[in-house]
């Protein structure tokens, strides 16, 4: 059974976003594209805020955000108490972000990883379950009231 995936980012992540969208759809996931619609310069918060709200409201199970460095989209998404956006540049980091941190948004730095690594990280992120246990207590301490 597939997940509902929200995907978005900025102009630097546009090509990767479209590639991942195709791969996720082919894998049986329902994908909602929060933009941008081209590689023309945009302000990433305009796309991140609606995506993060979709994850918070459970309209999407997970989010994938792609920008040049991954930092801007991660910083914006993490403004929401219920969001745990993980900036990852290796598959093992994507796996650990799910296992140990129960991340619900994967942030990818398009200028620093190949398309193959981005696709592999996304697959592993979605296949990996949260371990709970000792990690749950830590995750519970992340929000600030």
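Residue numbers (the working numbering): 16 to 160. Just so it is clear, CB atoms sit at the ideal spot from N, CA and C, and this is done for glycine as well.
DSSP places residue 77 in the uninterrupted beta strand (DSSP E) bounded by 77-82. Annotated three-state conformation of residue 100 is strand, per DSSP.
With contact defined as three or more Cβ pairs closer than 8 Å, the stretch 79-89 and the stretch 105-119 are not in contact. In this chain, the beta strand (DSSP E) harbouring residue 19 covers 19-24. Counting only the Cα atoms, residue 37 lies some 16 Å from residue 24. Collapsing the DSSP output to three states places residue 46 in a strand. Only residues of its own chain outside the window of five on either side were considered, and among them 91 have a CB closer than 8 Å to the CB of residue 64, listed in chain order.
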